[in-house]
Amino acid sequence: MTATWRLLDSGSGGAAWNMAVDEAVLQEYAAGEAAPTLRFYQWDPPALSLGRFQDPPGEASLDALRREGFAWVRRPTGGRAVLHWRDLTYAVVVGEDFLRGSVVETYRRLSAALVAGLRLLGVRAELAGEKAGEAGVDPACFAVPSSYELLVNGKKLVGSAQVRRKGAILQHGSLLLDFDPLLLARVTAPPEAVTAQAALYAARVTSLREVLGAVPPYGELVRAMTGGFAGTLGVTFHPGTLTAAEEDRAAGLAGRCTEAG
Amino acid sequence: MYPAHLRYSEEHTWLEVDGDTGRVGITHHAQEALGDIVFVELPQVGDEVTQNEAFGSVESVKSVNDLYAPASGKVIEVNEELVDHPETINKDPYGDGWIVRIQLSDPAEVAGLLDAAAYRKMIAEE
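Chains as they are written, first to last, in my numbering: chain A, 24 to 284; chain B, 3 to 128.
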């Protein structure tokens with residue numbers, strides 16, 4: 024029997040709300056109250072998301088974020104800073120019983136779904152090797168490819184992170200539609216390091232605009248990526264909305280979220 | 003891989019009982035599934051922990067995973083070495099990679115934990 028998942032197309036939201044919804048869906052799923060879910064969303068205003076255990080942004084980063092009118096938020100997941108500027112963010116919430124195996128094995132399976140979705144958009148992405156990255160001290164997620172993250176011509180296109188709680192997995196990640204290395208450097212690096220960091224990001228990070236020459240419309244992106252997940256994981260998607268309980272949880276969490284803007 | 007003198011929880015933690023206290027860590031299987039651990043969030047001495055509830059978390063490969071207490075009690079010692087060297091858990095999960103020591107509040111809970119053979123069987127069936 025084919026598993027049925029809920030498809031949530033959330034459109035654009037604020038940073039605190041976006042993270043609160045992912046967390047709320049995870050909590051409801053862990054409590055046995057939600058269906059496995061694939062969610063897509065964007066960020067308005069753009070925002071820097073930080074890993075659960077990262078230090079908060081320094082003064083220079085905060086100033087840069089303020090000047091740009093960007094927010095920042097802490098993710099429930101691990102990893103490093105991601106600038107959600109012109110990106111499509113996906114989130115998967117599912118049980119460890121469906122997505123079995125080690126952390127790296129689950130990345131590999133979900134990355135295969137992302138690769139399939141990108142192929143529908145005409146992008147040929149490959150997976151970074153298992154022993155890739157993770158070492159090093161760069162504060163930005165996109166500076167270093169981790170195991171099974173998506174590369175095009177050796178440059179990172181999607182960055183993902185996970186949290187697991189009581190048998191439930193939340194993995195979310197950012198597919199870059201467009202990329203501005205200087206902008207990322209300004210909001211993550213101290214002023215004296217901005218130029219060097221921007222050059223490094225330019226060499227290591229790509230975007231759909233760079234690969235395809237243009238950014239496909241939002242609806243086409245969501246359709247293609249959903250198709251990638253459906254085919255790779257063997258699941259059927261039904262468009263849905265948040266339950267009342269998820270809405271309540273998310274509203275409570277968003278109120279508590281760290282956000283500055 | 004699974005020392006016989008330890009007791010194991012279904013959430014992949016171990017307990018080494020010593021009188022009415024016990025040392026807690028994660029199993030070889032758990033550290034292998036997590037991959038390279040880069041951060042450990044520890045409780046504080048004096049915190050109360052409850053069996054099967056989260057008492058801290060570890061991050062590996064950008065994945066944050068809760069740690070579940072194998073037994074209830076009060077935290078009397080935490081392994082501060084893990085703050086600077088979280089990878090110790092990967093290298094020596096039953097020795098230098100221990101995480102906390104707790105004052106056991108309900109010794110009867112220990113009887114409900116798995117022995118090494120039962121834990122091995124459980125992970126083989128996963």
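The C-beta atom is built at its ideal place from N, Cα and C for all residues, glycine as well. Just so you know, these numbers come straight off a predicted model, no measurement behind them.
Residue burial classification, residue i (beta-carbon count within 10 angstroms, cutoff 16)
| i | result |
| --- | --- |
| residue 139 (chain A) | buried |
| residue 96 (chain A) | buried |
| residue 178 (chain A) | buried |
| residue 3 (chain B) | exposed |
| residue 108 (chain B) | exposed |
| residue 46 (chain B) | exposed |
| residue 81 (chain B) | buried |
| residue 67 (chain B) | buried |
| residue 69 (chain A) | buried |
| residue 10 (chain A) | The displayed coordinates of chain A run from 24 to 284. Any statement about residue 10 (chain A) would go beyond what the structure contains. |
| residue 115 (chain B) | buried |
| residue 97 (chain B) | exposed |
| residue 72 (chain B) | buried |
| residue 74 (chain A) | buried |
| residue 240 (chain A) | exposed |
| residue 94 (chain A) | buried |
| residue 32 (chain B) | buried |
| residue 92 (chain A) | exposed |
| residue 90 (chain A) | exposed |
Beta-ladder partner(s) of residue i, from DSSP
| i | result |
| --- | --- |
| residue 138 (chain A) | According to DSSP, which records beta bridges pairwise, residue 138 (chain A) is partnered with nothing at all. |
| residue 191 (chain A) | A:118, A:188 |
| residue 260 (chain A) | A:28 |
| residue 105 (chain B) | B:23, B:76 |
| residue 64 (chain B) | DSSP, once it has assigned bridges, lists no residue as partnering residue 64 (chain B). |
| residue 63 (chain A) | A:32, A:113 |
| residue 41 (chain B) | B:61 |
| residue 107 (chain A) | A:70 |
| residue 182 (chain A) | A:197 |
| residue 15 (chain B) | B:28 |
| residue 10 (chain B) | B:16, B:116 |
| residue 163 (chain A) | A:104 |
| residue 69 (chain B) | B:58 |
| residue 174 (chain A) | A:149, A:179 |
| residue 228 (chain A) | A:179 |
Alpha-carbon to alpha-carbon, residue j and residue i
| i | j | result |
| --- | --- | --- |
| residue 65 (chain A) | residue 34 (chain A) | 6 Å |
| residue 171 (chain A) | residue 144 (chain A) | 20 Å |
| residue 249 (chain A) | residue 25 (chain A) | 15 Å |
| residue 142 (chain A) | residue 148 (chain A) | 8 Å |
| residue 114 (chain A) | residue 17 (chain B) | 35 Å |
| residue 85 (chain B) | residue 260 (chain A) | 42 Å |
| residue 167 (chain A) | residue 196 (chain A) | 14 Å |
| residue 113 (chain B) | residue 110 (chain A) | 51 Å |
| residue 235 (chain A) | residue 89 (chain B) | 40 Å |
| residue 23 (chain B) | residue 220 (chain A) | 50 Å |
| residue 105 (chain A) | residue 122 (chain B) | 39 Å |
| residue 283 (chain A) | residue 108 (chain A) | For residue 283 (chain A), the pLDDT reaches just 41, beneath the cut-off of 50, and the residue's location in the model is therefore unreliable, although a value from the coordinates is still provided. Whole-angstrom Cα-Cα distance: 16 Å. |
| residue 51 (chain B) | residue 78 (chain A) | 26 Å |
| residue 79 (chain B) | residue 72 (chain A) | 33 Å |
| residue 269 (chain A) | residue 44 (chain A) | 7 Å |
| residue 87 (chain A) | residue 91 (chain B) | 38 Å |
| residue 215 (chain A) | residue 83 (chain A) | 10 Å |
| residue 44 (chain B) | residue 246 (chain A) | 42 Å |
| residue 255 (chain A) | residue 135 (chain A) | 7 Å |
| residue 120 (chain B) | residue 49 (chain B) | 30 Å |
| residue 244 (chain A) | residue 238 (chain A) | 9 Å |
| residue 77 (chain B) | residue 76 (chain A) | 22 Å |
| residue 99 (chain A) | residue 20 (chain B) | 35 Å |
| residue 117 (chain B) | residue 81 (chain A) | 48 Å |
| residue 252 (chain A) | residue 133 (chain A) | 8 Å |
| residue 164 (chain A) | residue 228 (chain A) | 10 Å |
| residue 38 (chain A) | residue 57 (chain A) | 22 Å |
| residue 190 (chain A) | residue 279 (chain A) | 25 Å |
| residue 271 (chain A) | residue 61 (chain A) | 19 Å |
| residue 202 (chain A) | residue 232 (chain A) | 8 Å |
| residue 53 (chain A) | residue 205 (chain A) | 40 Å |
| residue 106 (chain B) | residue 102 (chain A) | 34 Å |
Cβ separation of residue i and residue j, assumed to be a contact under 8 Å, to the nearest whole Å
| i | j | result |
| --- | --- | --- |
| residue 111 (chain B) | residue 65 (chain B) | About 28 Å; that fails the 8 Å criterion. |
| residue 181 (chain A) | residue 137 (chain A) | 6 Å |
| residue 258 (chain A) | residue 40 (chain A) | With a Cβ gap of about 26 Å, residue 258 (chain A) and residue 40 (chain A) do not count as contacting. |
| residue 28 (chain B) | residue 7 (chain B) | No, residue 28 (chain B) and residue 7 (chain B) are not in contact; Cβ-Cβ is about 17 Å, not under 8 Å. |
| residue 46 (chain A) | residue 207 (chain A) | 25 Å between Cβ atoms; not a contact. |
| residue 59 (chain A) | residue 117 (chain A) | 4 Å |
| residue 104 (chain B) | residue 26 (chain B) | 6 Å |
| residue 49 (chain A) | residue 188 (chain A) | 6 Å |
| residue 34 (chain B) | residue 125 (chain A) | 7 Å |
| residue 185 (chain A) | residue 193 (chain A) | 7 Å |
Using a beta-carbon distance cut-off of less than 7 Å, what residues from the stretch 97-126 of chain B approach chain D? Here chain D cannot be found, since the structure's protein chains are A and B.
Could you tell me whether the stretch 211-224 of chain A touches the stretch 108-123 of chain A, using the rule of 3 or more Cβ pairs below 8 Å? In short, these stretches do not touch, since the Cβ pair count stays below three.
Flag this pair as touching only if the stretch 37-54 of chain B and the stretch 263-281 of chain A have three or more C-beta atom pairs under 8 Å; answer yes or no. Short answer: they don't touch.
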